[in-house]
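Quick notes on the structure that follows.
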Amino acid sequence: MLRLDSVDDASIAVHELAGDASLPPLLISHATGFHAHCYRPVARALGDRFHVWALDHRGHGFSTVPPEWRVDWKPFGVDTALVAEHIAPDGGLVGVGHSMGGATLLMAAHADPGRFDHLVLFEPIAFPGTDYDPDPSEELPIAAGARRRRRRFPTRQAAVDNYAAKPPLALMLPEVLADYVEYGFADTTDDEGEPAIELRCTPEFEAAVFMTGGGNGVWDLLPEIETPCTIVSGVVSETEPSRVSEPLAERLPNARYVRFDDQTHFGPFSHPAEFAALV
Numbered sequence: 097m098l099r100l101d102s103v104d105d106a107s108i109a110v111h112e113l114a115g116d117a118s119l120p121p122l123l124i125s126h127a128t129g130f131h132a133h134c135y136r137p138v139a140r141a142l143g144d145r146f147h148v149w150a151l152d153h154r155g156h157g158f159s160t161v162p163p164e165w166r167v168d169w170k171p172f173g174v175d176t177a178l179v180a181e182h183i184a185p186d187g188g189l190v191g192v193g194h195s196m197g198g199a200t201l202l203m204a205a206h207a208d209p210g211r212f213d214h215l216v217l218f219e220p221i222a223f224p225g226t227d228y229d230p231d232p233s234e235e236l237p238i239a240a241g242a243r244r245r246r247r248r249f250p251t252r253q254a255a256v257d258n259y260a261a262k263p264p265l266a267l268m269l270p271e272v273l274a275d276y277v278e279y280g281f282a283d284t285t286d287d288e289g290e291p292a293i294e295l296r297c298t299p300e301f302e303a304a305v306f307m308t309g310g311g312n313g314v315w316d317l318l319p320e321i322e323t324p325c326t327i328v329s330g331v332v333s334e335t336e337p338s339r340v341s342e343p344l345a346e347r348l349p350n351a352r353y354v355r356f357d358d359q360t361h362f363g364p365f366s367h368p369a370e371f372a373a374l375v
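Residue numbers (my numbering): 97 to 375.
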């Protein structure tokens, strides 16, 4: 793991997941509430063709940001561009993003258009202003769900058993779920001083990311992003980001759209090999 200092005194963790320096560089950018190691099966499928890196976004995984920082999506894009420059100083980078991670790669490609050769993005978060404009006084259901997320378990196995028994994390391949828990929780103690584990990405932080995502400004940037893109979605649902994936692809100057009707928004977690095959 390496660390890069970014704006707002954030410290960004970057992980080398597969391949070696003789291969072209590739950067994976994760979804809200998750972290780099959730994509190890994707990375393994790409490791014979690419030198695969992945970042933990600020407030997620092993990356940190001061507690007083007010969540704003634009610095997520700044962090992603910083990592991209570090691992591919001469350009030629492929970006692979999921949900929020797709949005941050689009921000980075807009800010640094010569850095990326291609982006492959699963349901990136970019909405027209008229399509997604939540009342800040009313919490979105997905944010409310994140805020209610259980933050502490006695053991990692207890966490895996809990998540495997119910959606949406039950949709993950077992190895993905195991990595989510292994790297997404920190060792701590409970209120009685007994060993326990606690989420690295706090429920409050995850909820704030969901609440501010609709105003990330990425939709307005799309016509100016010349980087070739493959936009991927699962089955189209009016309650999921998939509803705008095809219009998003049409708004980009150089993009194609691929849909998997047997997948959900968790496609990279449930079908990592199929996702990797698009790169």
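Don't be surprised by glycine CBs; every beta carbon is placed ideally from N, CA and C. These numbers come from a predicted model, not from an experiment.
Beyond the five residues adjoining it in sequence on each side, residue 103 comes within less than 7 Å, by CB distance, of 171 and 174 in the same chain, given in chain order.
By the beta-carbon neighbour count (other beta carbons within 10 angstroms, threshold 16), residue 312 is buried.
With three or more CB-CB distances shorter than 8 Å, the segment 336-343 counts as touching the segment 210-226.
Separation of residue 277 and residue 324 (C-alpha to C-alpha, rounded to the nearest whole angstrom) is 34 Å. Cα atoms of residue 124 and residue 205: separation of roughly 14 Å, rounded to the nearest angstrom.
Of 318, 106 and 308, the smallest CA-CA separation from residue 163 is found for 106.
Shown here, residue 293 sits in a strand according to DSSP, grouped into three states. Burial is judged here by how many other beta carbons sit within 10 angstroms of a residue's own beta carbon; residue 275 has at least 16 and is buried.
Using a Cβ-Cβ distance cut-off of 8 Å, the segment 257-276 and the segment 358-371 are in contact, since at least three pairs of beta carbons, one from each stretch, lie closer than that value.
Within the DSSP secondary-structure output, residue 352 pairs in a beta bridge with 326. DSSP, reduced to helix, strand and coil, places residue 320 within a helical segment of the structure shown.
Below 8 Å, too few C-beta pairs join the segment 239-254 and the segment 206-216 to call them touching: fewer than three. A distance of 8 Å or more separates the beta carbons of residue 122 and residue 178. Linking residue 363 to residue 309 through their CA atoms gives a straight-line distance of about 20 Å.
In the three-state reduction of the DSSP assignment, residue 202 falls in the helix class.
The Cβ atoms of residue 160 and residue 201 do not sit closer than 8 Å to each other. The continuous stretches of alpha helix (DSSP H) do not include residue 288, and DSSP gives it neither H nor E.
Membership of residue 119 in any beta strand (DSSP E) is not indicated, and neither H nor E is assigned to it by DSSP.
Under DSSP, residue 160 shares a beta bridge with 107. Distances from the alpha-carbon of residue 166 to those of 304, 315, 357 and 287 put 304 closest.
Secondary structure of residue 175 (DSSP, three-state): helix. In terms of Cα proximity to residue 374, the closest of 249, 128 and 142 is 142. Contact annotation: residue 147 and residue 189 have beta-carbon atoms that are not nearer than 8 Å.
For residue 275, the enclosing alpha helix (DSSP H) has its first and last residue at 270-280. Under the 8 Å Cβ criterion, the segment 314-333 counts as touching the segment 343-351, having at least three qualifying pairs. Here the alpha carbon of residue 372 sits roughly 15 Å from the alpha carbon of residue 197.
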